[in-house]
Amino acid sequence: MKKRIGILTSGGDCPGLNATIRGVAKACFELMGEDNVEIIGISNGYYGLIHNLCKPMTPMEFSGILTQGGTILGTKRQPFKMMTVIGDDNLDKVKAMRETYQKQKLDCLLTLGGNGTHKTSHLLSQEGLNVIGLPKTIDNDIYGTDVTFGFHTAVDTATDAIDRLHTTAASHSRILVCEIMGNKAGWLTLNAGIAGGADIILIPEIPYDIDKVCDAVMKRAASGKSFSILAVAEGAFDKDEAKLKKKDRARKREEAGITTATSRIAAQIQAGTGIDTRVCVPGHMLRGGSPSAYDRILATDFGVYAAKLVASEKYGRTVAMVKGEITSNKLADIAGLTKFVNPKDQLVTTARRIGVSFGD
Ligand code: F6P
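Below you can see the structure in the form of structure tokens.
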């Protein structure tokens with residue numbers, strides 16, 4: 037009997053998804069023999085599992101995709117909090133996913149995704165499905181793993197954006213505020229900020245005081261540096277907002293007509309310092325392109341480990357890197373948790389020691 041392995045990619049895409057899919061498939065073929073394995077590709081994440089959008093894939097489909105960005109399976113956001121809610125369509129999504137799993141006669145399901153994906157993976161595992169997760173996200177905020185695939189490539193891309201802002205900022209004696217993805221966690225901004233030589237780094241884990249941000253800009257100006265670069269996480273907020281709940285924060289911003297954190301910060305800096313200030317938003321470019329060498333290796337390592345879990349029928353787990361070792365965590369131990377930057381993290385201290393301001 038062939039082992040039938042379903043595979044899907046869910047949530048925001050990132051570089052390294054295809055490299056991981058390839059790693060899983062090739063290692064499954066090697067470990068169990070090509071004739072004993074059938075890989076079923078599920079289109080557009082959990083949406084495809086709900087609507088039975090499945091097709092068997094040939095080994096050829098896993099070749100030539102190591103370097104390709106995006107995902108050959110397609111992806112879709114399917115918010116966890118809506119998974120158990122029966123909508124106007126009267127569809128029981130959890131039941132539908134269970135039925136697809138049974139109809140497709142799957143032995144297990146591999147889910148490549150971030151925090152939301154892992155919550156649903158855990159739910160399906162509790163429903164009795166054999167699930168194995170793989171940690172994907174440019175945000176690097178999945179609990180229990182040192183790193184997620186896609187993160188390092190995004191750090192490279194964001195660093196390149198910050199590098200390019202230096203010359204234009206210096207030429208015009210301006211402040212440039214670079215908005216970097218990361219709604220909850222500041223890992224990408226922190227890493228790219230340091231690698232790109234940003235002068236000020238603002239992340240959600242360290243609420244800022246705009247006066248301190250302006251002081252840092254003026255201090256540089258007083259020392260003869262006519263420009264400054266800020267790396268700002270899209271989810272950054274100030275010390276007053278830190279006292280509010282997330283939804284109250286969003287409501288207050290909406291009432292004040294503030295569209296993004298960076299647009300407000302730029303306006304406040306310009307008003308507070310009198311220095312011309314501009315915003316740059318690389319946005320979804322950070323999720324695009326070919327995975328870096330690091331991510332290709334990590335994705336392959338993760339994929340191979342997932343195949344070993346399949347071969348040994350160890351389910352209800354997600355692949356991880358812990359202290360440099362590839363291993364796995366129980367879905368139950370990590371689902372619903374987020375890995376935040378600790379304000380006392382060594383990297384934060386390193387940045388502070390070279391004079392980077394966190395606006396606090
Ligand atoms: O979850 C990864 C992420 O890149 C976040 O950093 C960002 O807030 C979000 O995706 C943007 O998602 P979307 O593609 O839905 O706009």
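Going by this note's numbering, the sequence shown opens with residue 37, and the numbers climb by one from there. Every residue gets a Cβ at the ideal spot worked out from N, C-alpha and C, and that includes glycine.
query                                                                              : result
Three-state class that DSSP yields for E17 in the structure shown                  : Any property of residue 17 remains undetermined from this structure, which presents the chain solely from 37 to 396.
Contact test: G218 Cβ vs the ligand FAD heavy atom, cutoff 6 Å                     : Because the ligand FAD does not appear in the structure shown, any question about it cannot be addressed here, the ligands present being the ligand F6P.
For S161 and T120, the rounded distance between their alpha carbons                : 14 Å
Spatially closest choice to L334 from K279, G48, G47, T56, by CA coordinates       : T56
I174 Cβ short of 6 Å to the ligand F6P heavy atom set                              : yes
Any non-hydrogen atom of the ligand F6P closer than 6 Å to G81 Cβ                  : no
Span separating the alpha-carbon of T295 from that of M321                         : 20 Å
Alpha-carbon spacing of K375 relative to A356, whole angstroms                     : 13 Å
C-alpha gap between L109 and P318, whole angstroms                                 : 25 Å
Any non-hydrogen atom of the ligand F6P closer than 6 Å to K229 Cβ                 : According to the sequence as given, residue 229 is Gly; it is not Lys. For the ligand F6P, not one heavy atom lies less than 6 Å from the Cβ of G229.
heavy atom of the ligand F6P below 6 Å from E105 C-beta                            : Per the sequence shown, residue 105 should be read as Gly rather than Glu. No, the beta carbon of G105 sits no closer than 6 Å to any heavy atom of the ligand F6P.
Backbone CA spacing between G352 and N166 [nearest angstrom]                       : 6 Å
Contact set for A342: own chain, Cβ-Cβ below 7 Å, skip 5 residues either direction : V60, L146, I168, L170, V355
Candidates C144, K131, L266, of which the one nearest I43 by Cα                    : C144
Through-space distance from F65 to T94, alpha-carbon basis                         : 11 Å
Heavy atom of the ligand F6P within 6 Å of G48 beta-carbon                         : yes
Supposed contact pair G105 and P51 - C-beta distance, whole angstroms, cut 8 Å     : 5 Å
Contact under 7 Å by Cβ, D274 with Y244                                            : yes
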